[in-house]
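*Asks:* Sharing a structure, written as C-alpha cells. Questions coming.
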Amino acid sequence: MTRRQSLSLCLASLAAGHGNIPAVLAADEPRKSAGTKPDPDGGVFELRGYYITFMRMPAMGWPEWRTALDALAEDGINLLVMWLPGGFRSKKHPLTWQYNEDHPNVRQDFMRDLITYVQGKGIRVLLGFTPFGYDGVNRMALEHPEWRAQKEDGSPVDEFGIHSWGWSLCPARAEVREFMRSYLREMVFDFYPQADGLMVESSDYNVCLCPECRAKPYEEEFRLTREISQEVWKAKPEALILVYPHYFTGRSVPGLAASAPAVRQPFDPRWGLVFTPHSAHFDADLIRQASHTLYSGPEAVLGTPAGVAAGARAARDHGVKGYLPSLEAFSYQVTRPEGGEPYFIGRRRLPLGQDPEKEGRNPWNSLPCRVQRLAVRAFSRQPDLSMGQFSQQVEKAFFAETSPASLPQAVADLLELQRIWTFEAEWYWSSPLLDPDFFKSRARRLAWPADKLAAYQRNLDTLRQIAVRWQASPGGTERGMFQLADSVVQRWSHAGEPAQVR
Ligand SMILES: [Zn+2]
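Residue 934 in the numbering used here sits at position 270 of the sequence shown; the count goes up by one each step and never skips.
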C-alpha cells in the first residue's frame, strides 16, 4: 500500500531501472555472496512468497483461485499475504464491503476453503490490513464524516482510494478505535481463525495530523498492533505477524509529514519485519533483532527479470531472510480517475494487461507474468544467478520443444515481450502501449516528448517483428508470443496501414 499508494514515490524510484538495457547489464554482473548459505530446497531465503490484494480481484471466484494457487505453489513459495478488508462480508460493519458487492468472496465466502487449500500445499497464509485506512476501512467515513483524518490545518484529508474510495480515519477518536478493533477481531477470529498470522501494513498516506495524532505519531496504531498481536499469539503461539519498522526505528518515516516526531517503541522479537523500497528502508539493528525479516517490492509486477534479481540481491545483501514481491493485479470496475486518469472510469481493470472476460480470469498464467514468476523462483533461490544463466532456465521452462537453431531468438523475443508488456506500467495498468486509446489520451494529457514516443514506436515495431517471426508456429510458447504481440499490433493498425503510435 504503501506500494499501492505511494505510487508516485515508488515509480520515481523505479524509473531508473525499469526495463531499460543498462539496468539489465548492471544486474548481469554477479556479486559476491554476503555470507548466506544456499539451502538445497529453497535457496537463501527462509520465507518466499507473494503479496496479493485479494479484495481488488472480483473477477476471480473459487474455481479460478484454485487453479491459480496450484500454479503459484509451483514457484516454490511458502508464504502468501492476502489482503482482505473490503473483501469479506462483515456482519458487524456491512459498509466496509458494500462498494465491493460483486466480489465472489463477498457474495459467498470461500476464503476459508482457500486458506485450507493453500496450507495443504505447505504455504502459510497471512491476512493483510492497514490500521485506520485503505480498503473497506476508509468507507466508514461515509456514515461518520467526523471520523475523517485531518490535515495539519485541521481540514479533513482528501478523499482517496484504490477501488475502495473514502477517507483515512483519525485514531485519536474513541469510536474509530472501537470500530477498528471490532472489525479486525471479526476478520481474524470470527471469519478466518485458521490463517497463520497477519501482516500489519502501516498507514502511509493521508495519515491523521490532528494535534493529538501529530504529537504521538503511530502511537494508537502501535497500541492496536500490539493488542491484536497478543490476542493472536495467545490463540496461536506460532502465528507469524509481520509489521513495518516505523514504530521502532527512532527515525522519521519516509512519506510522513516532516513535522511528525520520530518514534521508538519497544520491539518484540516475535514480530517479523517487512522492508520496502518506498517507505520502510533497511535497518541493520532491527534486522539483527527480528526473528523473521522480509523484503517486498513492486518489481515482479512493474519490472523485468533484472528488477527481480536486483530486489532479491538487495534483500540478501542486507541480511533479510525473506523475499515477498507483490503480485498485485486488479480486476475491479473503475469509478474514479485513479492515477490521474479519467479514461478508465466505467471500465474493468485488466489485471496484468489481460482481459478477464476474454483471455482468462487468472492473470498469473499470462506469458509475461510467467516469465516474472520464473524470475522470482530463480532469483529467490540464487540471487547471484547471471542473466545468461537465467536465460538457460527460460529455455528449459518455455522452449523445451524448440529447435536449437531457433532457441536464441525465441528466448530473446520472450524477454523483449515481457519488457514491452510492463514498459512504463503502473499498478493500475500494464504498458500504455497495450491500449491505443488510453495511450493517446495519456500522451496528450502529459505532453509526452518525441523521445518517449520514439521509445514506444520501437516497442511497437519489435512486437510487429515478433508477430511476423512466430505467426506460423502451430503451438507452444512461440504461438503464445505471436498471439500476444499480434493482438497489440492489430489494435494499432487501421485499414492496412502500418501501426504508428503517432
Ligand atoms: Zn487524529
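Glycine included, every Cβ here is placed at the ideal spot set by N, Cα and C.
In whole angstroms, what is the alpha-carbon distance linking residue 689 and residue 974?
*Replies:* Start at 1 with the first residue of the sequence shown, and residue 689 comes out as number 25. Start at 1 with the first residue of the sequence shown, and residue 974 comes out as number 310. Residue placement at residue 689 is poorly supported in this model, since its pLDDT is 28, which falls under 50; the coordinates still yield a value, given next. Taking the straight line joining both Cα atoms gives about 11 Å.
*Asks:* Does the distance between the C-beta of residue 850 and the nearest non-hydrogen atom of ligand 3 fall short of 7 Å?
*Replies:* Of the ligands one can find in the structure shown, namely ligand 1, none is ligand 3.
*Asks:* Can you find the residues in the same chain that come closer than 6 Å, C-beta to C-beta, to residue 1032, ignoring five residues on each side of it along the sequence?
*Replies:* The residue labelled residue 1032 in the question sits at position 368 within the sequence shown. 1082, 1085.
*Asks:* Cβ of residue 989 within 7 Å of any heavy atom in ligand 1?
*Replies:* Within the sequence shown, numbered from 1, the residue matching residue 989 stands at position 325. Incorrect: residue 989 has no Cβ contact closer than 7 Å to ligand 1.
*Asks:* Can you name, in chain order, every residue of its own chain whose Cβ lies under 8 Å from the Cβ of residue 783, other than the five neighbours on each side?
*Replies:* In the sequence shown, the residue the question calls residue 783 occupies position 119. The answer, listed in chain order, is 789, 858, 860.
*Asks:* Quick check: the Cα distance between residue 795 and residue 827, rounded to an integer number of angstroms?
*Replies:* Counting from 1 along the sequence shown, the entry for residue 795 is found at position 131. Counting from 1 along the sequence shown, the entry for residue 827 is found at position 163. For residue 795 and residue 827, the distance between alpha carbons rounds to 18 Å.
*Asks:* Is the beta carbon of residue 838 within less than 7 Å of some heavy atom of ligand 1?
*Replies:* Numbered from its first residue, the sequence shown carries residue 838 at position 174. Not under cutoff, so the answer is no.
*Asks:* Considering only the beta carbon of each residue, do residue 707 and residue 1037 sit closer than 8 Å?
*Replies:* For the purposes of this step, residue 707 is taken as the residue at position 43 of the sequence shown. For the purposes of this step, residue 1037 is taken as the residue at position 373 of the sequence shown. Against a cut-off of 8 Å, the Cβ pair of residue 1037 and residue 707 comes out as no contact.
*Asks:* Between the C-alpha atoms of residue 853 and residue 895, what's the straight-line distance to the nearest angstrom?
*Replies:* Within the sequence shown, numbered from 1, the residue matching residue 853 stands at position 189. Within the sequence shown, numbered from 1, the residue matching residue 895 stands at position 231. One C-alpha to the other measures close to 9 Å.
*Asks:* Identify every residue that forms a DSSP beta bridge with residue 825.
*Replies:* For the purposes of this step, residue 825 is taken as the residue at position 161 of the sequence shown. The partner list for residue 825 (beta bridge, DSSP) reads 829.
*Asks:* Considering only DSSP beta bridges, list what residue 747 is partnered with.
*Replies:* Residue 747 sits at position 83 when you count from the first residue of the sequence shown. Answer by DSSP bridge pairing, in chain order: 792.
*Asks:* In chain order, what residues of the same chain lie with their CB nearer than 8 Å to the CB of residue 686, ignoring the 5 residues before and after it?
*Replies:* What you label residue 686 is simply residue 22 of the sequence shown in a count that begins at 1. Low local confidence applies: a pLDDT of 28 at residue 686 is under 50, so the model's placement there is unreliable, and no value is given.
*Asks:* Please go through the segment 752-788 and give each complete beta strand (DSSP E) segment of 3 or more residues, from N-terminal end onward.
*Replies:* The qualifying runs do not exist here; there are none.
*Asks:* With a threshold of 7 Å (Cβ to nearest heavy atom), would residue 876 be considered close to ligand 1?
*Replies:* By one-based count along the sequence shown, residue 876 stands at place 212. Checking every heavy atom of ligand 1 against the Cβ of residue 876, one is found closer than 7 Å.
*Asks:* Can you name, in chain order, every residue of its own chain whose Cβ lies under 7 Å from the Cβ of residue 1152, other than the five neighbours on each side?
*Replies:* Translated into the one-based positions of the sequence shown, residue 1152 becomes position 488. 1097, 1098, 1127, listed in sequence order.
*Asks:* To the nearest angstrom, report how far apart residue 820 and residue 709 are at their CA atoms.
*Replies:* For this step, residue 820 is matched to residue 156 along the sequence shown. For this step, residue 709 is matched to residue 45 along the sequence shown. Between residue 820 and residue 709, the C-alpha separation is close to 43 Å.
*Asks:* Considering only the beta carbon of each residue, do residue 989 and residue 1058 sit closer than 8 Å?
*Replies:* The sequence position of residue 989 within the sequence shown is 325, counting from 1. The sequence position of residue 1058 within the sequence shown is 394, counting from 1. Taking 8 Å as the Cβ cut-off, residue 989 and residue 1058 do not qualify as a contacting pair.
*Asks:* At a cut-off of 7 Å, would you count residue 835 as near ligand 1, judging by its Cβ distance to the nearest heavy atom?
*Replies:* On the sequence shown, position 171 is the one that residue 835 refers to. Indeed, a heavy atom of ligand 1 lies less than 7 Å from the Cβ.
*Asks:* Kindly indicate which residue of 804, 900, 1061, 876 has the alpha-carbon position closest to the one of residue 934.
*Replies:* Taking the sequence shown and counting its residues from 1, the one referred to as residue 934 is at position 270. It is 900.
*Asks:* With a threshold of 16 other CB atoms inside 10 Å of the CB of residue 1064, please say whether the residue is buried or exposed.
*Replies:* Reading the sequence shown from its first residue, position 400 is the one you call residue 1064. Result: exposed.
*Asks:* Can you tell me which residues form a DSSP beta bridge with residue 717?
*Replies:* Residue 717 sits at position 53 when you count from the first residue of the sequence shown. In DSSP, residue 717 forms no bridge with anything.
*Asks:* Count the other CB atoms within 10 Å of the CB of residue 1052; is the residue buried (16 or more) or exposed (fewer)?
*Replies:* By one-based count along the sequence shown, residue 1052 stands at place 388. Burial call: exposed.
*Asks:* Quick check for students: name the residue ranges of the alpha helix (DSSP H) that lie wholly in the segment 991-1075, counting only runs of 4 or more.
*Replies:* DSSP runs (the alpha helix (DSSP H)) wholly in the segment 991-1075: 1031-1045, 1051-1062.
*Asks:* Mind checking whether residue 728 and residue 1025 have CB atoms under 8 Å apart?
*Replies:* As a working mapping, residue 728 is identified with position 64 in the sequence shown. As a working mapping, residue 1025 is identified with position 361 in the sequence shown. Yes, the Cβ-Cβ distance between residue 728 and residue 1025 is below 8 Å.
*Asks:* Of all the options 1007, 809, 798, 754, which has the alpha carbon lying nearest to the alpha carbon of residue 850?
*Replies:* Working through the sequence shown from its first residue, we reach residue 850 at position 186. Nearest of 1007, 809, 798, 754 to residue 850, Cα basis: 754.
*Asks:* Using only CA atoms, which one of 943, 1137, 862 lies nearest to residue 868?
*Replies:* Translated into the one-based positions of the sequence shown, residue 868 becomes position 204. Checking every option, the nearest Cα to that of residue 868 belongs to 943.
*Asks:* Can you find the residues in the same chain that come closer than 7 Å, C-beta to C-beta, to residue 1144, ignoring five residues on each side of it along the sequence?
*Replies:* Stepping through the sequence shown from its first residue, residue 1144 is reached at position 480. Contacts found: 1031.
*Asks:* My assumption, with CB atoms under 8 Å, is that residue 911 sits in contact with residue 927. Please give the rounded CB distance.
*Replies:* On the sequence shown, position 247 is the one that residue 911 refers to. On the sequence shown, position 263 is the one that residue 927 refers to. Right, the Cβ-Cβ distance comes to about 6 Å (below 8 Å), so this counts as a contact.
*Asks:* Roughly how many whole angstroms lie between the Cα atoms of residue 885 and residue 1048?
*Replies:* What you label residue 885 is simply residue 221 of the sequence shown in a count that begins at 1. What you label residue 1048 is simply residue 384 of the sequence shown in a count that begins at 1. When rounded, the distance between both Cα atoms is 38 Å.
*Asks:* For residue 814, does the three-state DSSP call read helix, strand or coil?
*Replies:* Here residue 814 refers to the residue found at position 150 of the sequence shown. Strand, per DSSP.
*Asks:* Per DSSP, what are the beta-bridge partners of residue 1090 in this structure?
*Replies:* Within the sequence shown, numbered from 1, the residue matching residue 1090 stands at position 426. Per DSSP, 1093.
*Asks:* For the 8 Å Cβ check, are there 3 or more pairs between the segment 968-982 and the segment 1013-1022?
*Replies:* Taking 8 Å as the limit for Cβ pairs, the verdict is that the segment 1013-1022 does not touch the segment 968-982.
*Asks:* Quick check on this structure: which residue in 865, 778, 766 has the alpha carbon closest to the alpha carbon of residue 786?
*Replies:* In the sequence shown, counting from the first residue as 1, residue 786 sits at position 122. Of the listed residues, the one whose Cα sits closest to residue 786 is 778.
*Asks:* Got a sec: does ligand 1 put a non-hydrogen atom nearer than 7 Å to the Cβ of residue 1033?
*Replies:* Within the sequence shown, numbered from 1, the residue matching residue 1033 stands at position 369. For ligand 1, not one heavy atom lies less than 7 Å from the Cβ of residue 1033.
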